[in-house]
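Chemist:
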Amino acid sequence: SAPRPAAGMRLPSTLAVASEPSRFTPLESWDLESGGFRPLAPGLWLLRGERSHLPEGACRLLRPVARAASLERLLRSAASSSQQIPARWRLRFLARDGGRAAPLAGGPRSEMAAEASDILCTAARALPGEPALQGPSPLLLLVRTPRLWYLALDVTVSRQRSEAEEAWRLRPYSFCSATDLRLARLAVSLAAAHRAAGDNGALLDPCCGSGGILFAARLAGLRAVGLDRNPTAVEGATANMAAVDALLDGSNGSGGGGGGCG
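Everything in the sequence shown is counted per the working numbering, starting at 16 for the first residue and increasing by one.
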């Protein structure tokens, strides 16, 4: 089971690590804000509450187990609460303090990589339990912000983005101005966040084109209906939805929301 903060510690319930900066960053920030997150540090968002599904604007969800003003204090706190740390773990360092962000995985990155390596070695010697040299194990992240250090457990629930993207790439119908799938997923996420409580109606795309919004709704578990004045687009979107449904349902044996274009 996931570790819980020690009694008396006022820790945020969830931290979200933002996706790498891109042309979609403003929309991803809007998506995080719509989901109840607020900025904590560059590329790091905070939610006072539990969240199990990864927002479109984030690449990881973290559950903090300790917080302190320095690395030394953080490690002392973790060492005194060994029941909160998994017996075997993987460890990574993430800098979110306004400078260049340290990578989630190590690599030959000059001074930044050397600093990250020193921090990881220091933490690995001090943390309860032991590093996992092979096989799947819980991932702990040391997160440095401008004011505080966090030790957090990665609780990201994978949404199999790569499988969905590959299925969509193989769709039979497309055209040069078709909606980017990442943009479509952000649009659907924002629409879902702003719908009225208890609204179980279908999402409507009045210009469905190749069906990108319909597919994004399907991945989000939402019902969707698409319309288009171009008969070729209607036929193409219908063929696309059938093709990707067959690919994804065949690979995981499960379906999501429905979607159609007419």
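Virtual Cβ for every residue (Gly too), placed ideally from N, Cα, C. It should be emphasised that the depicted structure is a prediction, and the values quoted were computed from it without experimental measurement.
When the Cα atoms are used, what is the spatial distance from ALA199 to LEU154?
Modeler: Cα-Cα distance, rounded: 30 Å.
Chemist: My understanding is that LEU77 touches TRP60, with C-beta atoms under 8 Å, so please give their C-beta distance in whole angstroms.
Modeler: LEU77 to TRP60, Cβ: 10 Å. No contact.
Chemist: DSSP puts THR194 in a beta bridge; with which residues?
Modeler: Note: THR194 sits in no beta bridge, so no partner.
Chemist: How would you label GLN98, buried or exposed, when you count the other beta carbons within 10 angstroms and need 16 or more for buried?
Modeler: Classification of GLN98: exposed, given that the 10 Å Cβ count is below 16.
Chemist: Tell me which residue opens and which closes the beta strand (DSSP E) that ARG91 is part of.
Modeler: ARG91 -> not in any beta strand (DSSP E); alpha helix (DSSP H) instead, spanning 86-94.
Chemist: Within the present structure, is the beta-carbon of ARG63 separated from the nearest heavy atom of the ligand NAD by less than 7 Å?
Modeler: No copy of the ligand NAD appears in this structure; indeed no ligand is present at all.
Chemist: On the DSSP bridge list, what partners appear for GLY251?
Modeler: BP columns for GLY251 are empty, so no partner.
Chemist: Hey, would you say THR29 sits closer than 8 Å to GLY72, going by beta carbons?
Modeler: Going by C-beta atoms, THR29 is not nearer than 8 Å to GLY72.
Chemist: On the DSSP letters alone, give me the boundaries of the alpha helix (DSSP H) that PHE230 sits inside.
Modeler: From DSSP, the alpha helix (DSSP H) with PHE230 extends over 227-234.
Chemist: Take every Cβ of the segment 204-217, pair it with every Cβ of the segment 137-157, and state whether three or more of those distances are shorter than 8 Å.
Modeler: These segments do not touch.
Chemist: In the DSSP assignment, what are the bridge partners of ARG140?
Modeler: Answer by DSSP bridge pairing: none, since ARG140 is not bridged.
Chemist: Taking VAL32 as the reference, give the member of ALA102, ALA167 and ASP195 with the closest Cα.
Modeler: Of the listed residues, the one whose Cα sits closest to VAL32 is ALA167.
Chemist: Can you tell me the Cα-Cα spacing of SER96 and GLY236, whole angstroms?
Modeler: Approximately 39 Å, taken between the alpha carbons.
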